[in-house]
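Worksheet for the structure shown next.
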RNA sequence: GGCCCCAUCGUUUAGUGGCCUAGGACACCGCCCUCUCACGGCGGCGGCGCGGGUUCGAAUCCCGCUGGGGUCACCA
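In the numbering used here, the protein residues as written are 8 to 529.
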């Protein structure tokens, strides 16, 4: 599988350039975002797949920050990136925060390293001074009948010493471009797409250093990968067209002794939003933290993200983190774009929520209930006791944790504070007052020590179903509304048990009062 | 426009020449379970973009077309 290209290196030498053939523990992958904005699910999916490759092979996962754009980078964004990876449990072996043999791991702190490489590149003739401005390049293309988008024409490659001196005399400062040998074939075998061919001569020289001396992403990204010994580069599909340029740079880096191999590349499919457009940063669904706020648990979101372009098996799509990286193979990543489907995502998340132990689930609910104002912040011991009983009632009813707030709210207020869902009272059947009266009587008759859901059910069934000859639906509907204020609620008898007898009777009283019924048992 | 990538149910994915009258999941629709809603169970709806080849045989291989996307920065 390892590609090996024999290439002629211009007039300098004939070199045998090999792509990495690292396997097992020698595999080194990286995640190298720029800290601009909130973590995007597509970006995190890329991190996830890289992490999975490292864990699958027992290799290393390197976390590097590409903060070379002072205008757009922010410390807040950096913190969010760390937060996102940590939350999902994507731990890194080397990189920011944990250190490692290739420190520093923030590009903003690696300037001296780049300068050194640039000097070597210059000395070996791999880069040259380019004075062309964008306007001049366009003008030359138009003048010679080429489309404007043709791009750079390698004009400055052949500038004489004299011409360079003249430009300098005009006060112009040169950018540095990589000289790509005309006869260099830049094809490669993509880890997810197979052979991709970029014939010799199809790639023009590109800028690697700004006139002010600042190295660009085009240089710094491959240089750091080379310096850090990265063997497999998994990144977004949008970077596919820049791969031939990077391979050309690698040839130069090998020539000057910075590294000895070219990493293998794998281009991951886009994560799409609505329509045929890539999920944009503006789209709320792209925001990882919004999903967390909605109540995705890390296990669930990780599982769903893994499904974006990959499949666990033919008949299963719910799996654990360990099962994921054990089964993951880059070669089985699907090359076509995946659409982010929040319905499916929530279904997967719901499956993970149901798999939680009751205690674990209960604990994870707390922050959501606190921020929704359902319980105090921090939660009181009394509220915690109610929650411990109530949480299991909703565990199989939610697919995201935030849903529990509306389901559980009625348990954390008293009868007078209970709010009724819109239209719920109007929707009650004509016989509702009679049902409520009978229910009240039956419950009131129960000794307090028997106030358990099974006995409550017995009492209510006896009075309403057997006594009034109602269907269970007609019998319990009005009671449910009185107790929860809603049409749909957690299991009724268990809810009554949690509320206790006095509170339950108070709620029945309150709803009966709405109908002007006489107070039972005066 | 040049170059590059992609193409199986609505969505996602299985399928690497015969196991496919194309399998699973989500969504949707029925039914069952049932105190509501869920969960769970059962069933249904629904797909290989088109045209040529290769082959005894093609969703699978080749070519073309069509469609979609990306990229052509002194941004990353």
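Backbone N, C-alpha and C define an ideal beta-carbon position, used for all residues, glycine too.
Here the alpha carbons of residue 25 and residue 267 stand approximately 8 Å from one another.
In the DSSP annotation of this structure, residue 448 is not part of any beta strand (DSSP E); the continuous alpha helix (DSSP H) holding it starts and ends at 439-452. Its Cα nearest to that of residue 257, the residue 225 stands out among 157, 225, 397, 389. Contact between residue 125 and residue 183 holds, with the beta-carbon distance rounding to 7 Å and staying under 8 Å. The C-alpha of residue 326 lies about 35 Å from the C-alpha of residue 233. Residue 80 is classed as buried because its beta carbon has at least 16 other beta carbons within 10 Å across all chains shown.
Within the DSSP secondary-structure output, residue 279 pairs in a beta bridge with 285, 346.
The continuous beta strand (DSSP E) containing residue 241 extends over residues 239-243. Residues 412, 416, 419 of the same chain have their beta carbon placed closer than 6 Å to that of residue 381, with the five preceding and five following residues left out of the count. For residue 60, the enclosing alpha helix (DSSP H) has its first and last residue at 48-64. Per DSSP, residue 465 is one residue of the alpha helix (DSSP H) stretching across 460-467. Rounded to whole angstroms, the separation of the alpha carbons of residue 190 and residue 349 is 48 Å. For residue 93, the enclosing alpha helix (DSSP H) covers residues 82-95. Taking 4 residues as the minimum length, the alpha helix (DSSP H) runs contained wholly in the stretch 358-397 are 365-378, in order along the chain.
Secondary structure at residue 326: coil, using DSSP grouped into helix, strand and coil. Under DSSP, the beta-bridge partners assigned to residue 274 are 242. Per DSSP, residue 413 is one residue of the alpha helix (DSSP H) stretching across 410-415. Taking C-beta atoms under 8 Å as the contact rule, residue 485 and residue 443 qualify, at a distance of about 6 Å. The Cβ-Cβ distance between residue 407 and residue 394 does not fall below 9 Å. Three or more beta-carbon pairs separated by less than 8 Å are not found between the stretch 192-209 and the stretch 32-48, which leaves the two stretches without contact. Comparing C-alpha distances from residue 370 to each of 342, 351, 402 shows the shortest one belongs to 402.
The stretch 334-347 makes contact with the stretch 271-281: 3 or more CB pairs, one atom from each, lie closer than 8 Å. Residue pairing from DSSP leaves residue 228 without any beta-bridge partner. If you check the CB distance, residue 160 and residue 147 come in under 9 Å.
In the same chain as residue 337, and ignoring 5 residues on each side of it, the C-beta atoms closer than 8 Å to its own belong to 56, 60, 198, 199, 239, 241, 273, in chain order. The three-state secondary structure of residue 265, taken from DSSP, is coil. Assignment of residue 291 by DSSP, reduced to helix, strand and coil, places it in the helix class. A check of alpha carbon separations from residue 71 across 294, 333, 237 identifies 237 as the nearest. Cβ-Cβ separation between residue 410 and residue 492: approximately 17 Å, too far for a contact (criterion under 8 Å).
Pairing residue 66 with residue 164, the inter-Cα distance amounts to about 41 Å. Within the stretch 113-199, the runs of beta strand (DSSP E) that reach at least 3 residues and sit entirely inside it are, in chain order, 134-137, 182-185, 195-197. Straight across, the Cα-Cα distance linking residue 177 with residue 332 is about 58 Å. Under the three-pair Cβ rule at 8 Å, the stretch 300-315 does not count as touching the stretch 283-291.
The three-state reading of DSSP puts residue 494 in coil, since its state is none of H, G, I, E or B. Per DSSP, the beta bridge partners of residue 67 are 35.
In this model, residue 311 and residue 54 are separated by some 14 Å (Cα to Cα).
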